[in-house]
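For the sequence shown, the working numbering begins at -6 and goes up steadily by one. Using N, Cα and C, we set each Cβ at its ideal position, and we do this for glycine too. Reviewing the structure listed below.
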Amino acid sequence: MCVGLIACGAPGGGPGTDEGREALHAHVSRIEEEPGAPRWSWYAGGPDDAELNRVAHDRDGSIVALGNFEDFLTPRPGDTGGPITGTGQRSLLVARFSPEGRRLWTRVFNATSTESVTGEVFSSALALDGAGNIYIAGFHEGVLDFGHGPIPSGAFLVKLDCTGRPLWSTGLLGSGDLQFERLLVDEGELIAAGTVSGTVDLGGGPLTAPDRRGVLAKFTTGGALRWALLDPEGRDSYLGLAVDTDENLYVSGADAFPAPPFLLKVSPKGTILWSRSLVGATGELRDVAVCGDRVVIAGSIQGSFIFRGQTIPSPFGGVVAAYTRKGQERWAKIVGTNAHSVATDGRGGVVLGGNYRPGDDLGRGPEAGDPAGNNLYVAKFDYGDGALRWVRTFLSDGAFAIDLAVRKDGSSTAVGAFMSHVDLGEGRIDYPSSYDHPFILELAP
């Protein structure tokens, strides 16, 4: 069991030393502590596309970020961890940061090319357990070896300890395609949600989807399969995953056009208890979170839908909506052009991240923004009635808050990517390319 930052791989000169304080002071810029104020940011540039697509908090408040890059990344000025080097092909990147923004360690995992395919690794899902162990799902081409034997092309699961050392890994083999979009750890079990087509083996024998459909699976934290559920109605993709205090699961997703996006409640044993959908709309619900009796969904839709007897118009936009744990409708809003991620803080706050264009209303009237691109927003709403608490906007020619994590004190961390420029609260950042660049943004409660 790993407790504290040093136990989880902080090098010498940790946050409690003079060297550590100087390093933090060199690259962490704090702004006045207003609600939602940016506390610090981390970013990196390189010659190819890169992104951070998942983030989670450890018990000590430290941050684990997951992503992908290719050749190399040069972190922002003041980062003391040095450059991040890959192979020139798509690589998996996982890194741990202190709550104050200091990069503690970075791990890179690559696949080896074969005669027929180029070695590439793509990360897709991340979860942490109470001991700080890290669970990652992804898929790859070529041969991937975390130290437990080669894994042929396909989907994989890997468990790392809190210093990034692989503990076990397994390939989810078969002739079909599998991608887990979300992982979570609850009561000593690992739950995964995603999409499958064709035949795969999750550890319990062949599992065949006659067409593309959502899949939900429960494993032990040692990687042994407990059960697997293929969507019985043929719904297309499972994209979001959350759990309540009774171990019931909530899955959000998308179906083939023109079917509406949906929310499912699933028992701890894998039985669907109820389903809800935004009838009249099309699109996808990318994420779901639970706070008390509220189940909150987020995504991007097109078309009006009925909610609590009212028509919610949406030519095209982001959506956030809340149900009770029994599936009763409570409130819904259209926010910006999309909503990528939602998380709750345990204090009645719902944090939403997404994109907007100039003139979009995020809850306080038309917003200013970069007219050339997708501007970034992070907003907090009240879980009970959806009232806006605060919103922060970040101008960019193309930035995406792909994932969010929120601590119990209400502070939040967003990860994603931006194109040639963005302002994350410390002034405009420019890169002379149109490639995607990874970022982390820390916000006050």
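Contact under 8 Å by Cβ, residue i with residue j
i, j, result
"Leu369", "Ala392", "yes"
"Ser245", "Asp280", "yes"
"Leu234", "Leu177", "yes"
"Ala372", "Glu26", "no"
"Leu119", "Gly147", "no"
"Asp229", "Arg205", "yes"
"Leu59", "Ala37", "no"
"Leu86", "Phe432", "no"
"Gly131", "Ser116", "yes"
"Gly349", "Thr337", "According to the sequence as given, residue 349 is Tyr; it is not Gly. Their beta carbons are not under 8 Å apart, which means Tyr349 does not touch Thr337 by this criterion."
"Leu223", "Ala202", "yes"
"Phe387", "Leu381", "no"
"Asp64", "Gly94", "no"
"Ile290", "Gly310", "no"
"Asp396", "Ser334", "yes"
"Val328", "Gly347", "yes"
"His430", "Ala407", "no"
Reduced DSSP category for residue i - H, G, I as helix; E, B as strand; rest coil
i, result
"Ala361", "coil"
"Ile305", "strand"
"Val335", "strand"
"Gln82", "coil"
"His50", "strand"
"His430", "strand"
"Ala217", "coil"
"Cys284", "strand"
"Gln295", "strand"
"Pro199", "strand"
"Gly6", "In this prediction, Gly6 has a pLDDT of 39, which is less than 50 and means its spatial position is unreliable; nothing more can be read from the coordinates."
"Val21", "Unreliable positioning characterises Val21 in this predicted model, as indicated by a pLDDT of 46, which lies under 50. The coordinate reading is nonetheless provided below. Coil."
"Asn126", "coil"
"Asp170", "strand"
"Arg14", "Low confidence applies to Arg14: its pLDDT is 37, below 50, so where it sits in the model is not reliable, and the reading given next is rough at best. Of the three classes helix, strand and coil, the one that applies to Arg14 here is helix, per DSSP."
"Gly164", "strand"
"His133", "strand"
"Arg318", "coil"
"Gly140", "coil"
"Gly323", "Note that residue 323 is Arg in the sequence shown here, rather than Gly. If DSSP states are grouped into helix, strand and coil, Arg323 belongs with the strands."
"Leu153", "strand"
"Glu26", "coil"
"Asp237", "coil"
"Gly347", "strand"
"Tyr424", "coil"
Counted within 10 angstroms of its Cβ, other Cβ atoms place residue i as buried (16 or more) or exposed
i, result
"Thr213", "exposed"
"His133", "buried"
"Phe250", "exposed"
"Gly197", "exposed"
"Lys319", "exposed"
"Glu435", "buried"
"Arg262", "Correcting the residue type first, residue 262 is Lys in the shown sequence and not Arg. Exposed: under 16 other Cβ atoms inside 10 Å."
"Gly140", "exposed"
"Pro425", "exposed"
"Ala43", "buried"
"Trp35", "buried"
"Ala210", "buried"
"Arg421", "exposed"
"Ser91", "buried"
"Lys401", "exposed"
"His18", "Residue placement at His18 is poorly supported in this model, since its pLDDT is 38, which falls under 50; the coordinates still yield a value, given next. With fewer than 16 other Cβ atoms within 10 Å, it is exposed."
"Glu240", "exposed"
"Glu108", "exposed"
"Arg340", "exposed"
Integer Cβ distance of residue i from residue j, believed to fall under 8 Å
i, j, result
"Pro254", "Glu277", "5 Å"
"Val283", "Val344", "In fact, because the Cβ distance is near 13 Å, the residues do not count as touching under 8 Å."
"Gly157", "Trp220", "That belief does not hold up - the Cβ atoms of Gly157 and Trp220 are roughly 30 Å apart, past 8 Å."
"Tyr376", "Gly292", "That belief does not hold up - the Cβ atoms of Tyr376 and Gly292 are roughly 17 Å apart, past 8 Å."
Contacting residues, own chain, Cβ-Cβ under 6 Å from residue i (five flanking each side not counted)
i, result
"Ser270", "Pro253 and Phe255"
"Pro28", "Trp383"
"Gly273", "Gly296, Ser297 and Phe298"
"Ala49", "Val57, Leu119, Leu121 and Ala398"
"Ala325", "Phe300, Ile305 and Ala314"
"Gly227", "Arg206"
"Val110", "Glu134 and Gly135"
Beta-carbon proximity list for residue i, same chain, < 8 Å, skipping 5 on both sides
i, result
"Ser427", "Met412 and Ser413"
Contacting residues, own chain, Cβ-Cβ under 7 Å from residue i (five flanking each side not counted)
i, result
"Arg69", "His20, Trp35, Tyr36 and Ala37"
"Ala104", "Gly112, Glu113, Val114, His133, Glu134, Gly135, Val136 and Leu137"
"Thr80", "Asn103"
"Gln172", "Ser117, Phe132, Ala148, Gly187 and Thr188"
"Tyr231", "Glu174, Ala186, Gly187, Thr188, Gly207, Val208, Leu209, Val244 and Gly246"
"Asp378", "Trp324"
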